[in-house]
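Just so you know, the protein sequences line up as chains F and G, in that order.
For the first sequence, our numbering gives the first residue as 2, with consecutive numbering after it.
For the second sequence, our numbering gives the first residue as 5, with consecutive numbering after it.
Don't be surprised by glycine CBs; every beta carbon is placed ideally from N, CA and C.
From a predicted model like this one, the values you see are computed outputs, not experimental measurements.
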Amino acid sequence: KAGVTQTPRYLIKTRGQQVTLSCSPISGHRSVSWYQQTPGQGLQFLFEYFSETQRNKGNFPGRFSGRQFSNSRSEMNVSTLELGDSALYLCASSWYRHDTEAFFGQGTRLTVV
Amino acid sequence: DQQVKQNSPSLSVQEGRISILNCDYTNSMFDYFLWYKKYPAEGPTFLISISSIKDKNEDGRFTVFLNKSAKHLSLHIVPSQPGDSAVYFCAASVLVRALIFGKGTTLSVSS
Numbered sequence: 002k003a004g005v006t007q008t009p010r011y012l013i014k015t016r017g018q019q020v021t022l023s024c025s026p027i028s029g030h031r032s033v034s035w036y037q038q039t040p041g042q043g044l045q046f047l048f049e050y051f052s053e054t055q056r057n058k059g060n061f062p063g064r065f066s067g068r069q070f071s072n073s074r075s076e077m078n079v080s081t082l083e084l085g086d087s088a089l090y091l092c093a094s095s096w097y098r099h100d101t102e103a104f105f106g107q108g109t110r111l112t113v114v
Numbered sequence: 005d006q007q008v009k010q011n012s013p014s015l016s017v018q019e020g021r022i023s024i025l026n027c028d029y030t031n032s033m034f035d036y037f038l039w040y041k042k043y044p045a046e047g048p049t050f051l052i053s054i055s056s057i058k059d060k061n062e063d064g065r066f067t068v069f070l071n072k073s074a075k076h077l078s079l080h081i082v083p084s085q086p087g088d089s090a091v092y093f094c095a096a097s098v099l100v101r102a103l104i105f106g107k108g109t110t111l112s113v114s115s
């Protein structure tokens, strides 16, 4: 079956802009989680959506938001981009519990200049 | 405050020998632990997990050990193969909350 698909793979944005990243989970998976990976902080949990509802949220500012659609596809949005938002953004999907065997996409590499 | 720590940034092992990757945690409420492997330009891949009610879980060449009293987790790879060379992340969660990841250990297996 198809894996987790994230688009776009690479993105360059200017400070102050906003960006939307997309994630299509594995068919049948209802939980979608988002993570930020940076060299200094490793993988950090952003939020998790299950059946179109945000079920868990990490410790990130309100500039980071997300949503999930009825087909389980998810988007995350970052407004008023800062240089420090440059990172690899990873999406993971699982059937029910996001903390069990979650399958990750290849990520979106965001560079803020 | 880092709740999940992988104190060794890197580990080098010869092919055929055992690789032992370590992970320490501070939150005694963690009830589920996982190991992920990550190659460059790819997302992490799930390897093996263990519930807090167990102390060992095996899957082929991979075995995870959990020592709750020491708040310590380890991943054993036997025998190590060059294809195992990757970054290994330890992760933990509490009651279906956020997955907390360590910063990773880069394993290099030489032939």
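Spanning the alpha carbons of residue 77 of chain F and residue 36 of chain F requires a straight line of approximately 10 Å.
A distance of 8 Å or more separates the beta carbons of residue 77 of chain G and residue 92 of chain G. Around the beta carbon of residue 47 of chain G, a 10 Å sphere encloses 16 or more other beta carbons of the protein chains shown; the residue is thus reported as buried. Listed as beta-bridge partners of residue 13 of chain F by DSSP are F:112. CA-CA distance, residue 15 of chain G to residue 94 of chain F, rounds to 30 Å. The DSSP-derived three-state label of residue 99 of chain G is coil. Among the bridge pairs identified by DSSP, residue 96 of chain F is matched with none. An exposed status is given to residue 86 of chain G, since fewer than 16 other beta-carbon atoms sit within 10 Å of its beta-carbon. By the criterion of a C-beta distance shorter than 7 Å, residue 64 of chain F is surrounded in its chain by 79, 80, 81, once the five residues flanking it on both sides are discounted. Flagged as an interface residue toward chain F: residue 46 of chain G, by a C-beta distance shorter than 8 Å. Rounded to whole angstroms, the separation of the alpha carbons of residue 72 of chain G and residue 32 of chain G is 8 Å. Measuring C-alpha to C-alpha distances from residue 103 of chain G to each of G:59, G:60, G:29 identifies G:29 as the nearest. For residue 64 of chain G, the closest Cβ of chain F is not nearer than 8 Å. Rounded to whole angstroms, residue 43 of chain G and residue 52 of chain F show a C-alpha spacing of 30 Å.
With distances taken between CA atoms, residue 17 of chain F lies nearest to F:85 out of F:11, F:31, F:85, F:45. Rounded to the nearest whole angstrom, the C-alpha separation of residue 35 of chain G and residue 108 of chain G is 20 Å. Residue 51 of chain F is bridged by DSSP to F:32, F:54. C-alpha of residue 106 of chain F to C-alpha of residue 34 of chain F: approximately 11 Å in a straight line. Sequence-distant partners of residue 21 of chain G (beyond 5 residues in either direction) whose C-beta falls short of 6 Å from its own C-beta, in its chain, are 84.
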